[in-house]
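As given, the protein sequences belong to chains H and D, one line each in that order.
Every position in the first sequence, counted from 1, becomes a number in my numbering once 641 is added.
Every position in the second sequence, counted from 1, becomes a number in my numbering once 699 is added.
Note that the Cβ used here is the ideal one computed from N, Cα and C, for glycine as well.
Predicted model, so just to flag it, every value in this text is computed and none were measured.
What follows is a short report on a single structure.
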Amino acid sequence: MNRLSRRRFLRHLLTGSAVLLSGCDRLSKSRWFTDMLTSAESLNRTLHHGLAGADSMAREYTEAELSPQFPSNGTRFPGTPEYQPLIMNGFRDWRLEVSGAAVRPTALSLEELRALPARTQITRHDCVEGWSAIAKWKGARLGALLDLVQPTPTARFVVFFCYDSLDPRGDRYYESIDLEDAYHPQTILAYDWNDQRLPVRYGAPLRLRVERQLGYKMAKYIRAIEVVERLDGIGGGRGGYWEDRGYAWYAGI
Amino acid sequence: MAMDAPDVAARGSPPAPGQTVYRYPLPVRISHWLNLLILLTLLGSGLQIFNAHPALYWGSRSDPDRALLSMAARRTTDGSLEGVTTVLGHEFVTTGVLGASKGPSGRVENRGFPAWATIPSSRWLAMGRRWHFFFAWLLVINGLVYVGYSLACRRHRRELFPNRGELRALGRSLRTHLHPGALRSEAARGYNVLQKLSYVIVVFGVLPLVILTGLTMSPWLDSAFPWLLDLFDGRQSARTLHFVGALALVLFTVVHVAMLLLVGPVNHLRAMITGRLRVPQEERS
């Protein structure tokens with residue numbers, strides 16, 4: 642009797658978990674449930690911002706802690722037609738267009754960017770997949786660039802448009818951060834990696850570093866920057882290439 | 700107060716066989732079942748997240764050649780996929796379970812943990828993260844309610860923390876565990892010392908560990924609390940300890956269910972639903 646009920650109990654337990662698991666798949670595709678799950682995102686963002694404050698600094702490491710091999714993720718070499726001629730002559734013809742909700746839109750060459758106030762930092766790159774790697778980055782402070790173009794009072798976000806495409810339909814990579822992150826001292830437009838010119842696999846000629854967020858926020862192969870009031874008219878409307886594919890806009894977690 | 704009810708039954712003269720005792724107040728029962736649901740979803744979604752990079756390391760970085768544990772698939776000479784799990788340099792073929800297993804489509808694919816263990820079952824990191832970060836909130840809220848209730852009702856002193864006498868009788872309790880009959884009648888009186896110790900370790904050790912190591916994986920929170928990185932010796936160590944903590948919770952649950960089967964699943968399941976436990980007939984074995 643006891644053994645029988647034990648066996649029956651175990652069987653119920655197994656079928657119960659099978660039902661539960663297939664239920665999880667169905668829930669993952671239902672609108673109301675995923676909306677509920679997503680509600681935690683703004684909670685996380687609010688709490689994290691409250692805990693950290695605007696200028697909390699990501700840890701900086703020493704030369705001895707550099708990763709022996711820094712992974713290249715996402716695009717390793719943009720195959721897009723506009724990118725080919727740029728790389729052919731060492732990005733001499735490349736211009737970073739900065740426009741949008743700004744008083745003085747501008748376009749800068751790599752040389753002009755190198756003349757802006759810069760910052761060098763050895764930081765840890767955390768990928769959404771789970772790995773971490775440490776490298777040294779040098780770049781123009783995004784805050785300094787924004788001081789140059791002067792965002793209008795209603796501006797809220799900075800959007801980065803890129804040359805590369807990961808999508809078979811050809812959607813270009815793009816990303817966005819808020820102004821608070823944009824003015825953070827460690828937020829830079831990096832042109833050097835480990836004391837050399839930024840290699841193509843890491844985003845040449847220019848990539849973003851936002852050290853308190855995950856790797857997918859740090860757009861590589863930047864073509865243009867736009868200061869905007871809202872994100873819903875751009876790309877899929879969620880503020881980034883991966884965001885349009887279900888990832889959270891706030892990637893500090 | 701209603702919460703005094705279990706006290707009377709527990710402290711008075713031992714209840715006679717066949718009688719029922721009120722063992723689990725409503726808040727404990729609710730938090731128990733919520734906890735089961737929450738931990739299952741956190742485990743399934745956690746394994747989904749792990750599968751995005753099925754390897755563990757120590758320190759700040761994830762240098763590929765210094766993995767403590769890794770799962771991968773490789774092609775065998777006959778063209779099929781073979782799952783390989785490497786633990787501290789030792790390779791194990793784990794086809795079908797770890798490294799390579801049948802996906803939701805029915806084809807063997809490269810994946811750390813198998814489809815039946817992950818939420819969702821297919822490879823879907825973005826969705827796994829949504830589940831995980833939602834249910835993590837519920838875990839913390841449920842845990843705080845449980846601990847708050849236990850402290851307020853002084854349940855922790857009576858039910859959770861073993862006293863000196865109980866700790867001295869640890870050896871005897873170990874022997875009791877070899878006799879299901881004795882264990883069954885003991886279970887009616889309250890948690891035994893081994894049970895108390897394992898609950899204390901889980902509630903005040905393993906669960907805080909998984910929560911803190913989980914927070915350490917957030918680069919944003921690392922900037923707010925840099926001491927987290929020092930405490931766990933880096934983000935990748937925190938990720939490893941998070942995994943080990945989850946494994947400890949799984950092992951705890953296995954033993955927990957085994958003990959339930961041993962002392963009488965029907966009586967004890969009912970008790971965790973209605974609160975009332977029937978005192979079994981004295982058995983000798």
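With the rule of 3 Cβ pairs closer than 8 Å, the region 711-722 of chain H counts as touching the region 801-814 of chain H. With a minimum length of 4 residues, the unbroken runs of alpha helix (DSSP H) contained wholly in the region 905-983 of chain D fall at 906-915, 918-923, 926-930, 934-962, 964-973.
When the beta-carbon positions are compared, D/Val909 and D/Ala945 come within less than 8 Å of each other. When DSSP states are grouped into helix, strand and coil, H/Phe711 belongs to the coil group.
The C-beta of D/Arg854 has 16 or more other C-beta atoms within 10 Å across all chains shown, which makes the residue buried. Under the 10 Å beta carbon count, D/His941 is surrounded by 16 or more other beta carbons and is classified as buried. Within chain D, no C-beta atom comes less than 8 Å from the C-beta of H/Gly784; the nearest is roughly 17 Å away. Judged by their CB atoms, H/Cys665 and D/Ile818 are nearer to each other than the 8 Å cut-off. In the structure shown, H/Arg667 adopts helical secondary structure according to DSSP, grouped into three states. Flagged as an interface residue toward chain H: D/Asp921, by a C-beta distance shorter than 8 Å. Neighbourhood of H/Arg652 in chain D, by CB distance below 9 Å: empty, with the nearest CB roughly 12 Å away. When C-beta atoms of the region 848-856 of chain H are compared with those of the region 757-772 of chain H, three or more pairs fall below 8 Å, so the two segments count as touching.
For H/Thr703, there is no enclosing alpha helix (DSSP H), since its DSSP letter is neither H nor E. With a cutoff of 8 Å on beta-carbon distance, H/Gly844 and H/Tyr862 are scored as near each other. Not flagged as an interface residue toward chain D: H/Leu757, since no C-beta distance is shorter than 8 Å. Residues of the same chain with a CB within less than 8 Å of the CB of D/Gln980, apart from the 5 flanking positions on each side, are Pro716, Gly717 in chain order. By the Cβ neighbour-count rule, D/Leu735 is exposed, with fewer than 16 other Cβ atoms within 10 Å of its own.
Taking 8 Å as the cut-off, the Cβ atoms of H/Ala781 and H/Leu830 count as close. In the DSSP assignment, H/Arg848 falls within the unbroken beta strand (DSSP E) covering 848-850. Annotated as distal: D/Trp830 and H/Leu684, with beta-carbon spacing of 8 Å or more. Note on D/Arg938: 16 or more other CB atoms within 10 angstroms of its CB, so buried under the neighbour-count rule. The C-beta distance from D/Asp921 to D/Leu930 rounds to 11 Å, too long to fall under 8 Å, and the pair is not in contact.
Closest option to D/Phe833, judged by alpha-carbon separation, among H/Ala681, H/Ser671, H/Leu872, H/Phe650: H/Ala681. Every unbroken stretch of the beta strand (DSSP E) spanning 3 or more residues and falling wholly within the region 757-842 of chain D is given here in chain order: 768-774, 780-786, 789-792, 799-801, 807-809. Close partners of D/Phe812 in chain H (Cβ separation under 8 Å) are lacking, with about 13 Å as the shortest Cβ gap. Burial of D/Leu741 is indicated by the presence of at least 16 other C-beta atoms within 10 angstroms of its C-beta.
Sequence-ordered contacts of the region 788-812 of chain D with chain H are nonexistent [C-beta pairs closer than 7 Å].
For H/Ala776, no chain D residue has a Cβ inside 7 Å of its Cβ, as the nearest lies near 10 Å away. Not a single CB atom of chain H sits nearer than 8 Å to the CB of D/Phe931. Residue pairing for D/Cys852: DSSP places it in no beta bridge. What H/Glu706 touches in chain D, judged by beta-carbon distance under 7 Å, is Ser759, going in chain order. Chain-order list of chain H residues neighbouring D/His752: Glu770, Gly771, Trp772, by C-beta distance under 7 Å.
Where D/Trp732 is concerned, there is no enclosing beta strand (DSSP E), although the alpha helix (DSSP H) around it starts and stops at 725-750. Using a CB distance cut-off of 8 Å, D/Met971 does not count as an interface residue toward chain H.
If only uninterrupted beta strand (DSSP E) runs of at least 3 residues are considered, those enclosed by the region 777-844 of chain H are 798-806, 813-819, 829-834.
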